[in-house]
Amino acid sequence: MSGFSAEWLALRAPADTAARDAGLLRAAADLAPARVMDLGCGTGAMLATLQPLLPRPAAWVLVDGDVGLLDQAAQRAAALGVVATPQACDLLATPLPAAAADLVTATALFDLVSADWLDRFLDALSARRLPLYAALSYDGGMAWRPPHPLDGAVTAAFNRHQRGPKGFGGPALGPEAPAALVAGLEARGYRVTVADSPWQVGADQPAFTAALLDGIAAAVAEQGSMPTIADWLAARRAATHHTEVGHRDLLAVPL
Numbered sequence: 001m002s003g004f005s006a007e008w009l010a011l012r013a014p015a016d017t018a019a020r021d022a023g024l025l026r027a028a029a030d031l032a033p034a035r036v037m038d039l040g041c042g043t044g045a046m047l048a049t050l051q052p053l054l055p056r057p058a059a060w061v062l063v064d065g066d067v068g069l070l071d072q073a074a075q076r077a078a079a080l081g082v083v084a085t086p087q088a089c090d091l092l093a094t095p096l097p098a099a100a101a102d103l104v105t106a107t108a109l110f111d112l113v114s115a116d117w118l119d120r121f122l123d124a125l126s127a128r129r130l131p132l133y134a135a136l137s138y139d140g141g142m143a144w145r146p147p148h149p150l151d152g153a154v155t156a157a158f159n160r161h162q163r164g165p166k167g168f169g170g171p172a173l174g175p176e177a178p179a180a181l182v183a184g185l186e187a188r189g190y191r192v193t194v195a196d197s198p199w200q201v202g203a204d205q206p207a208f209t210a211a212l213l214d215g216i217a218a219a220v221a222e223q224g225s226m227p228t229i230a231d232w233l234a235a236r237r238a239a240t241h242h243t244e245v246g247h248r249d250l251l252a253v254p255l
């Protein structure tokens, strides 16, 4: 199952924090959950972001298939004085663990999953009538300043890569994930609110910029259809630029 390394999560953390829509984050906190289940918790960024906004302390269930990341998330919770139960889980087999919860959260998860997995997850979520706060689902948009003639081709090739299998039982939803989430939740009787949450990546984030460029170029190279990707990467590395990468946040509450 595809996941993220601790190093990548650390590099992207400032961009994630800045990108989250403040209104939806506050609305999720205003649900005042006593128990939060965070799927694909990584190193615990959701807990660190949401917990301080809650009107009362919550008990967290931290779910991930990577026991190394899960251990870091548990250590982070302990350092923050948060009661948290780590749960190693194969999310492919179990999209929604049976642990008690009042709110389900996830960050940068749903663009990795297949349409079949999403249906199984939403069926389980709606059967328990649980609200969902899903942050930072990639929506397929990338904008670069200044532009380069190959930007459009790079974005298209990258998005094809994002639709490839990521370990969740079939082709990933990739940039279609935000729309698929909305449609699936509304069909199951949820009130859904969506907000843009794009990364803004500039010259003040050189390490993250370098990792982002290398990751995009590697994904495009895997497609084998763009021999000029090395030229684009060299040009982007050589010039100071600003990158906007589209994401969307979502809050869904059962009616």
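Residue numbers (the UniProt record's numbering): 1 to 255.
Glycine included, C-beta positions come from ideal geometry on N, C-alpha and C.
- Bridge pairing for V82: absent [DSSP].
- Taking a contact as a CB-CB distance under 8 Å, the pair L250 and P178 counts as one, their CB atoms being some 7 Å apart.
- As a beta-bridge residue in DSSP terms, W144 pairs with T243.
- Beta-bridge annotation (DSSP): P171 is paired with P165.
- At a cut-off of 3 residues, the continuous stretches assigned as beta strand (DSSP E) that sit fully inside the segment 189-231 are 190-196, 199-201.
- Remark: C-beta atoms of P131 and L96 do not approach each other more closely than 9 Å.
- The secondary-structure analysis by DSSP pairs D21 with nothing; it has no beta-bridge partner.
- With a cutoff of 9 Å on beta-carbon distance, L112 and L47 are scored as not near each other.
- Here DSSP, grouped into helix, strand and coil, assigns V67 to helix.
- The straight-line gap separating the alpha-carbon atoms of P175 and A79 is approximately 35 Å.
- Straight across, the Cα-Cα distance linking A127 with A18 is about 33 Å.
- Taking one beta carbon from each stretch, the segment 7-24 and the segment 194-209 have 3 or more pairs nearer than 8 Å; the two touch.
- Within a 10 Å sphere around the beta-carbon of A218 sit fewer than 16 other beta-carbons, which makes this residue exposed.
- Boundaries of the alpha helix (DSSP H) harbouring A179: 177-187, taken from the DSSP string.
- The segment 190-198 makes no contact with the segment 148-157, as fewer than three CB pairs between them are under 8 Å.
- By the criterion of a C-beta distance shorter than 7 Å, R188 is surrounded in its chain by L122, S126, once the five residues flanking it on both sides are discounted.
- Of the residues G81, T155, V182, the one whose Cα lies closest to the Cα of Q223 is T155.
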